[in-house]
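Residue numbers (my numbering), protein chains in the order written: chain A, 1117 to 1372; chain B, 27 to 286.
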């Protein structure tokens, strides 16, 4: 009796610990080649992915590894000592937590601006046409959590319009909001224009004039403890270059 | 006679122990003890704690209700495909919890395989609700119960059951009066593991049920969010979760498992 119990306990805890390991193959030391670690806001997933590819092709032997997520989570990771070379945040406030902790090398540069749109499923089950519709009772609205830049911007826009919205969920980053809308779990969500554009036909993006009151500036900086400071600077230069800006504006970002 | 344990076993055992205890030490060392009282009294902390305890307990009840019969089926009734079924039952153990959450959305979400009918017929939508949290926790925790109970059933002496059957007891009576008391320690251990796993559930919950204070924001979600903005608060929340788990597990172990 005791033995089977012990085995069951041992087996299940072993399996559980295996299942919990989420950041598995982190440090795969590749001989000879260098790795550039870029921490970037989730809304930069598509554009930075493309820029990373072009950086790799112009720098043979260099691998660009991205960590996309909510800017506040990334800032916390950097402040806890995560090995990052470049940080691109979706708001000056999240970048400030890094600069305040003396984590940035030099002053961050604003490289793009982004505005919110209402994302609804293509069939628009909640019949959302304008910003004020989000306050409709019974409408399932999903927003970013307020510490995340897209959540801060959403609150700013709602406050500017005098709207009270009780969200069904507060997601960790903008992609979380988008997923809930894509899957049809939410009737509407506030995401960046670029995210709605990147999702293609899976969501419908509705522009609204109140978004002008909550435009996010995106700062980028190389980091003080960057393991690859030279590569970090070259990557930031690429983002700020004319070809880099073209990639970003084509995705729906606005020039700073 | 107790002889000294050999160093080959003792050394790795102590290393293992240190590895398990060290992170807890870190938590204790960095805790903001002076402001602990005021931070604990914040309504958000209590709300998250209450939600965590309620949902983990409900999830454990669901696991017992469905998991014990399932374990009995796997251990006592031979049927074709039993091995495959056994493997399927343990899938949530190896599945990353976030993937479990996505799978739940696709099955029970508003547009999901089953969820669309729940919505159409009963107006019932599970994502973003406390019921959704309970389901996510049940999904992740049930295998712990099934494995534990099935192991106990296989280890139990079947001659008692056979004797009861020859004396005219029906299969249900045998299960109730003979089998269940025999494997009670296994069921208890499974339930404890199940509860502990449900209490710590994060990935499936945040994916399937979302995050909203008081409704779906359990302690692990609160810890994760607090870590981004207020690491001190995250430490306090972690301490609470740690204290509650240790207390409950210690109490239950002594009462049930220790006696087994």
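Ideal Cβ placement from N, Cα and C applies to all residues, glycine included.
Contact set for residue i: own chain, Cβ-Cβ below 6 Å, skip 5 residues either direction
i, result
"residue 1343(A)", "1199"
"residue 1231(A)", "1309, 1327, 1331"
"residue 77(B)", "244"
"residue 84(B)", "160"
Span of the beta strand (DSSP E), counted from its first residue to its last, around residue i
i, result
"residue 1155(A)", "1150-1157"
"residue 1287(A)", "1285-1287"
"residue 155(B)", "First-last for residue 155(B): undefined, no H or E at that position."
"residue 1181(A)", "1178-1185"
"residue 1306(A)", "1304-1308"
"residue 1204(A)", "1202-1204"
Proximity of residue i and residue j at Cβ, strictly below 8 Å
i, j, result
"residue 1257(A)", "residue 1309(A)", "no"
"residue 1284(A)", "residue 238(B)", "yes"
"residue 102(B)", "residue 170(B)", "no"
"residue 1235(A)", "residue 1178(A)", "no"
"residue 136(B)", "residue 151(B)", "yes"
"residue 1290(A)", "residue 1260(A)", "yes"
"residue 1371(A)", "residue 1265(A)", "no"
"residue 21(B)", "residue 275(B)", "Beyond the ends of chain B as shown, which are 27 and 286, falls residue 21(B); an answer cannot be given."
"residue 74(B)", "residue 255(B)", "no"
"residue 298(B)", "residue 230(B)", "In the structure displayed, chain B extends from 27 to 286; residue 298(B) sits before or after that span and is not available."
Below-8 Å beta-carbon distance, residue i vs any chain B residue
i, result
"residue 1323(A)", "no"
"residue 1199(A)", "no"
"residue 1359(A)", "no"
"residue 1149(A)", "no"
"residue 1263(A)", "yes"
"residue 1142(A)", "Unreliable placement is indicated for residue 1142(A), whose pLDDT of 36 sits below 50; no coordinate value is reported for it."
"residue 1158(A)", "no"
"residue 1300(A)", "yes"
"residue 1350(A)", "no"
"residue 1287(A)", "yes"
"residue 1283(A)", "yes"
"residue 1217(A)", "no"
"residue 1188(A)", "yes"
"residue 1268(A)", "no"
"residue 1337(A)", "no"
"residue 1192(A)", "yes"
"residue 1256(A)", "yes"
Beta carbon proximity, residue i to chain A, threshold 8 Å
i, result
"residue 236(B)", "yes"
"residue 154(B)", "yes"
"residue 135(B)", "yes"
"residue 192(B)", "no"
"residue 242(B)", "yes"
"residue 164(B)", "no"
"residue 199(B)", "no"
"residue 255(B)", "yes"
"residue 131(B)", "yes"
"residue 114(B)", "no"
"residue 144(B)", "no"
"residue 251(B)", "yes"
Residue i: first and last residue of the uninterrupted alpha helix (DSSP H) it sits in
i, result
"residue 37(B)", "33-56"
"residue 108(B)", "108-115"
"residue 249(B)", "245-255"
"residue 1279(A)", "Here residue 1279(A) belongs to no alpha helix (DSSP H), and DSSP marks it neither H nor E."
"residue 198(B)", "197-200"
"residue 212(B)", "210-225"
"residue 30(B)", "Here residue 30(B) belongs to no alpha helix (DSSP H), and DSSP marks it neither H nor E."
"residue 125(B)", "123-134"
"residue 95(B)", "69-102"
"residue 1165(A)", "1161-1174"
"residue 239(B)", "No alpha helix (DSSP H) holds residue 239(B); DSSP gives it neither H nor E."
Close-in-space but distant-in-sequence residues of the same chain around residue i (CB under 8 Å, 5 per side omitted)
i, result
"residue 203(B)", "190, 195"
"residue 183(B)", "208"
"residue 1201(A)", "1152, 1153, 1154, 1338, 1339, 1342, 1343, 1344, 1345, 1347, 1348, 1351"
"residue 1281(A)", "1250, 1251, 1257, 1259, 1274"
"residue 1367(A)", "1162, 1163, 1310, 1313, 1314"
"residue 1238(A)", "1317, 1318, 1319, 1320"
Own chain partners of residue i with C-beta closer than 7 Å, once the 5 adjacent residues on each side are dropped
i, result
"residue 216(B)", "170, 171, 174, 175"
"residue 1335(A)", "1205, 1208, 1211, 1224, 1225, 1226"
"residue 1174(A)", "none"
"residue 122(B)", "229"
DSSP bridge partner residues for residue i (one or two, in chain order)
i, result
"residue 1374(A)", "What the structure shows of chain A is the stretch from 1117 to 1372, and residue 1374(A) is not part of that stretch, so it cannot be assessed."
"residue 1226(A)", "1335(A)"
"residue 1260(A)", "1287(A)"
"residue 1370(A)", "1229(A)"
"residue 1221(A)", "1338(A)"
Chain D contact for residue i (CB, 8 Å cutoff)
i, result
"residue 1271(A)", "No chain D is part of this structure, whose protein chains are labelled A and B."
Distance cut-off 7 Å: residue i Cβ against heavy atoms of the ligand COA
i, result
"residue 203(B)", "Judged by which ligands are present, the structure shown has none, so any question about the ligand COA falls away."
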